[in-house]
Amino acid sequence: MDFGELYRKYDAELRPLCARLRGIYHRMQQQGYRAVFGDVEGEVLYMLLREARPRRVFEISPAAGFSTNYLLAALTANQTGELHSFELLREINGRPTADVIRSNLVPDLDTSRWTLHLGDARETVPAVAGEVDFALLDSSHEEWFARWYVETVFPRVRGWVMVQDIAFHDRIEPSGEARFVWDWAGREQGPLTMVGHVEQSVLHSGVRRGFAERRALECNSLLFQLPQTGRAALPTLNLSPDERIRQAEECVLRQDATGADRHLTEVMDILMTYPWRTNRHRLFFKTGQLYVRLGEPLQAERCFRRAVGAVLGGEPAQRAKGLRELWRLTRRQKLWRLAAEVGVMMVQDWVWNHRSWRIKR
Ligand SMILES: C[S@@+](CC[C@H](N)C(=O)[O-])C[C@H]1O[C@@H](n2cnc3c(N)ncnc32)[C@H](O)[C@@H]1O
Numbered sequence: 001m002d003f004g005e006l007y008r009k010y011d012a013e014l015r016p017l018c019a020r021l022r023g024i025y026h027r028m029q030q031q032g033y034r035a036v037f038g039d040v041e042g043e044v045l046y047m048l049l050r051e052a053r054p055r056r057v058f059e060i061s062p063a064a065g066f067s068t069n070y071l072l073a074a075l076t077a078n079q080t081g082e083l084h085s086f087e088l089l090r091e092i093n094g095r096p097t098a099d100v101i102r103s104n105l106v107p108d109l110d111t112s113r114w115t116l117h118l119g120d121a122r123e124t125v126p127a128v129a130g131e132v133d134f135a136l137l138d139s140s141h142e143e144w145f146a147r148w149y150v151e152t153v154f155p156r157v158r159g160w161v162m163v164q165d166i167a168f169h170d171r172i173e174p175s176g177e178a179r180f181v182w183d184w185a186g187r188e189q190g191p192l193t194m195v196g197h198v199e200q201s202v203l204h205s206g207v208r209r210g211f212a213e214r215r216a217l218e219c220n221s222l223l224f225q226l227p228q229t230g231r232a233a234l235p236t237l238n239l240s241p242d243e244r245i246r247q248a249e250e251c252v253l254r255q256d257a258t259g260a261d262r263h264l265t266e267v268m269d270i271l272m273t274y275p276w277r278t279n280r281h282r283l284f285f286k287t288g289q290l291y292v293r294l295g296e297p298l299q300a301e302r303c304f305r306r307a308v309g310a311v312l313g314g315e316p317a318q319r320a321k322g323l324r325e326l327w328r329l330t331r332r333q334k335l336w337r338l339a340a341e342v343g344v345m346m347v348q349d350w351v352w353n354h355r356s357w358r359i360k361r
């Protein structure tokens, strides 16, 4: 699949869609709804649905409906196909889930194509009989859930599957679901695409330059077709930053400063190349702590400052949470000056969030 070519083909559809979704994304954030679907992943989803023109699409799960937008926008443009969304929560923030999702959809989507099934997907999915032409999995990250969908949903699919939260372009997600799906893919040996690779190539080629940013987190989805045809080896993965930090800690204990620095430098490389990760501030902070132990205060300070910067650049809810976390960490580490600075930032952030001092139209 040549995604560069697809970006060129659907450019005129994707640009306005992304611009409208940016407004929806900000509104969802303000109203306290989760909108956890990466930008390139959403775009890839849209383009594949436009190309494949599936009759029946499964979305497990929509949460407050951000990913539903990409799927339903493609079906609306196709003028064919039905979308079944399966969500566990009957209410989100005290409102019926169906109302929440509807209120988070781009206004002119064809909602007659959409059915929401509420409850545990393991019970609601079997109630919708027949083949599935396209499946998006973005739900529970537990191993037992992955086992369920691999064994019962995958055999029904005759087309594309996108599974979120499995592996970045170079490393696996730390979850039971990710490990199970990665092992399954290794046994199957069918060709698969890591959306992280697509993301890298389209970022470098510039085909999506100027697309409105919604949630520019690094992609960690897998994409493949079922039933699988052909064989291909799985890409080799590197260590995750968390694992590198763990190994750096071991090196510090062994007084192997060179080994520790090698791991920590790799962590910094990953964090600087892919700035938008939710736990980035924590990783910067841990890296800083280890540099303190290695006797490199200036490098440590750089890491601590980057931890603060990562938090300040986040969305309001994550910003408040991240600042609280840094406040705790800095005091525990007796970094008093930094703790005082973070304390001031917390107050400023509280004022910004709780008074109507936001930037007005
Ligand atoms: C990561 S969120 C989905 C994000 C969504 N795709 C978006 O674009 O924002 C995962 C969702 O899976 C739902 N979920 C978890 N376990 C489930 C289950 N057993 N059946 C159905 N939905 C489930 C959760 O309630 C949550 O809303």
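Numbering (the numbering used here) for the sequence shown: 1 to 361.
The C-beta atom is built at its ideal place from N, Cα and C for all residues, glycine as well.
Counting C-beta pairs closer than 8 Å gives three or more between the segment 325-333 and the segment 276-292, which meets the contact rule. The closest CA to that of A35, considering only E43, I24, L45, V44, is found on I24. Rounded to the nearest whole angstrom, the CA to CA distance from E199 to E249 is 31 Å.
One alpha carbon belongs to L226, the other to V57, and they sit about 14 Å apart. Between N104 and G32, the gap from beta carbon to beta carbon reaches 8 Å or more.
Listed in chain order, the beta strand (DSSP E) elements of length 3 or more contained wholly in the segment 146-179 are 157-163. Going by DSSP, F284 is part of the alpha helix (DSSP H) stretching over 280-293. Within the same chain, and ignoring the five residues on either side of D256 in sequence, no residue has its Cβ closer than 6 Å to its Cβ. As the crow flies, the alpha-carbon of W148 is around 33 Å from that of L17. In this structure, the beta-carbon distance from S85 to L116 falls below 8 Å. Annotation: the segment 203-267 contains the following complete segments of the alpha helix (DSSP H) (minimum length 4 residues), in chain order: 241-253. Distances from the alpha-carbon of L75 to those of T97, D108, V195 put D108 closest.
In this structure, the CA atom of G295 is about 15 Å from the CA atom of F304. By the C-beta density criterion, A178 is buried, having at least 16 other C-beta atoms within 10 angstroms. About 7 Å separates the beta carbon of G190 from that of A232, a gap short enough to meet the 8 Å contact definition. For S67, the Cβ falls inside the 7 Å cut-off from some heavy atom of ligand 1. Between the alpha carbons of T193 and F3 lies a distance of about 11 Å. Fewer than three Cβ pairs drawn from the segment 237-252 and the segment 54-69 lie within less than 8 Å of each other, which leaves the two stretches out of contact. Here M1 carries a coil assignment [DSSP, helix/strand/coil].
Separation of R262 and Q247 (C-alpha to C-alpha, rounded to the nearest whole angstrom) is 10 Å.
With a cutoff of 8 Å on beta-carbon distance, L14 and E43 are scored as near each other. Proximity of the beta carbon of F145 to ligand 1 is indicated: a heavy atom of the ligand is located closer than 7 Å.
No residue range can be given for D110, since it is assigned to no beta strand (DSSP E) and is classified by DSSP as neither H nor E. Within the chosen limit of 7 Å, ligand 1 does not reach the beta carbon of S175 with any heavy atom.
Between V252 and A260, the C-beta spacing is below 8 Å. Relative to ligand 1, the nearest heavy atom lies less than 7 Å away from the CB of V36.
Of the residues E315, E143, V150, Y70, the one whose Cα lies closest to the Cα of G176 is E143. Remark: the C-beta of D138 is in contact range of ligand 1, defined as less than 7 Å to any heavy atom. Inclusion of R306 and F37 in the CB contact set at 8 Å is not warranted, their separation being larger than that value.
Listed as beta-bridge partners of W114 by DSSP are L83. The closest CA to that of C219, considering only P96, R156, G81, T273, is found on T273.
Within the DSSP bridge table, the entry for A63 names no partner.
Residue pairing by DSSP places R95 opposite I92 in a beta bridge. One Cα belongs to V125, the other to V308, and the distance between them is close to 43 Å.
Its chain contains E13, R50 as the residues whose beta carbon lies nearer than 8 Å to that of A77, once the 5 sequence neighbours on both sides are disregarded; these appear in chain order. Its Cα nearest to that of E341, the residue L323 stands out among W352, H354, M28, L323.
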